[in-house]
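Participant:
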Amino acid sequence: MENLNENQVAYPMPRIGDAAPEFQAVTTQGNINFPADYKGNWVILFSHPADFTPVCTSEFMTFATMEEKFAEANCKLVGLSVDGLYSHIAWLLTIKEKIEYRDMKNVEVKFPLIEDISMNVAKKYGMIQPGESSTQAVRAVFIIDPKGVIRTIIYYPLSLGRNFDELYRALVALQAADAFGVATPADWRPGDDVIISPAGSCGKAKDRMEGKEEELDCKDWFFCTKKISKEEVLEKVLKK
1 MENLNENQVA YPMPRIGDAA PEFQAVTTQG NINFPADYKG NWVILFSHPA DFTPVCTSEF
61 MTFATMEEKF AEANCKLVGL SVDGLYSHIA WLLTIKEKIE YRDMKNVEVK FPLIEDISMN
121 VAKKYGMIQP GESSTQAVRA VFIIDPKGVI RTIIYYPLSL GRNFDELYRA LVALQAADAF
181 GVATPADWRP GDDVIISPAG SCGKAKDRME GKEEELDCKD WFFCTKKISK EEVLEKVLKK
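See below:
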């Protein structure tokens with residue numbers, strides 16, 4: 001069988017719970033070894049279709065403006081497109097010097113933007129979706145935990161800009177679930193009630209329905225919530 005070069009390798013789609021695929025890359029902030037360089041931090045690795053495009057520009061300005069907020073939640077940002085390093089640099093300089101969007105201007109993008117002309121990294125992460133485009137990465141988002149495990153995957157088409165409040169909400173919710181051993185319900189935000197795992201035995205279910213676990217609010221044996229204050233959540237998640 002003929003050997004495949006790296007541009008022809010067929011990679012399996014990464015899944016939630018998988019180790020983040022490893023790679024080395026050139027970026028606008030120097031070389032990186034991923035995810036090893038980010039051990040101990042949460043990471044949002046995200047792709048965009050192309051430099052010098054308006055939706056991507058609005059997204060990068062938003063991410064850059066929120067970078068400190070993500071950093072307070074122990075999260076680093078890493079961007080990627082299949083453009084080259086010099087294109088990245090020129091685009092980011094243009095954003096800083098010329099682009100105003102909403103109340104954002106003079107925005108400097110300080111997080112690394114990966115050069116991926118070979119599409120090797122994009123293919124490892126399933127960012128190239130031929131039904132959408134075979135030459136541009138879709139708007140993929142991977143939230144990766146401090147152990148290098150993929151915890152959340154979100155894909156957007158080329159035409160749809162991302163909701164950055166939702167990306168931050170998901171990051172905080174993941175950390176809260178880990179810290180307190182709970183799940184978070186629809187639209188959860190810090191300070192809202194959290195979900196407790198269903199009872200694992202008939203006796204436990206009976207205790208819950210009889211109110212013997214006083215900190216819980218049980219609507220039925222399988223649906224119980226409890227209160228965790230916003231302050232408790234943020235104390236666990238945000239850096240001091």
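full-length UniProt numbering numbers the first residue of the sequence shown as 1 and each following residue consecutively. Cβ coordinates follow ideal geometry from the N, Cα and C atoms, glycine included. All values derive from a computational prediction rather than experimental measurement.
Among Y156, K230, I228 and I195, whose alpha-carbon lies nearest the alpha-carbon of D220?
Facilitator: Locating residue 220 in the sequence shown gives position 220, where the first residue counts as 1. Selected option, being the one with the closest Cα: I195.
Participant: Does M13 pass the burial test, meaning 16 or more other C-beta atoms within 10 Å, or should it be called exposed?
Facilitator: The residue labelled residue 13 in the question sits at position 13 within the sequence shown. Exposed, by the Cβ-count rule.
Participant: Who pairs with R139 in a beta bridge, going by DSSP?
Facilitator: Mapped onto the sequence shown, residue 139 falls at position 139. Answer is Y156, bridged to R139.
Participant: Sorry if obvious, but does the Cβ on Q29 come closer than 6 angstroms to a heavy atom of the ligand ATP?
Facilitator: No copy of the ligand ATP appears in this structure; indeed no ligand is present at all.
Participant: Where are the beta strand (DSSP E) runs, 3 residues long or more, that stay fully inside the segment 45-81, in chain order?
Facilitator: Correct list: 75-81.
Participant: Taking DSSP as the reference, what is the three-state secondary structure of W42?
Facilitator: For the purposes of this step, residue 42 is identified with residue 42 of the sequence shown, where counting begins at 1. In this structure, W42 counts as strand in the three-state DSSP scheme.
Participant: Note down the Cα distance separating L46 from A90, rounded to an integer number of angstroms.
Facilitator: Taking the first residue of the sequence shown as 1, we reach residue 46 at position 46. Taking the first residue of the sequence shown as 1, we reach residue 90 at position 90. Checking the displayed sequence, the identity of residue 46 turns out to be Phe instead of Leu. If I take the Cα positions, the gap works out to 20 angstroms.
Participant: Under a three-way DSSP split, which group does L93 fall into?
Facilitator: By one-based count along the sequence shown, residue 93 stands at place 93. Three-state result, L93: helix.
Participant: Count the other C-beta atoms from every protein chain shown that fall within 10 angstroms of the C-beta of D165, then say buried if there are 16 or more, exposed otherwise.
Facilitator: Counting from one through the sequence shown, the residue named residue 165 turns up at place 165. With fewer than 16 Cβ atoms within 10 Å of its Cβ, D165 is classed as exposed.
Participant: My understanding is that V55 touches Q136, with C-beta atoms under 8 angstroms, so please give their C-beta distance in whole angstroms.
Facilitator: Counting from one through the sequence shown, the residue named residue 55 turns up at place 55. Counting from one through the sequence shown, the residue named residue 136 turns up at place 136. In fact, because the Cβ distance is near 12 angstroms, the residues do not count as touching under 8 angstroms.
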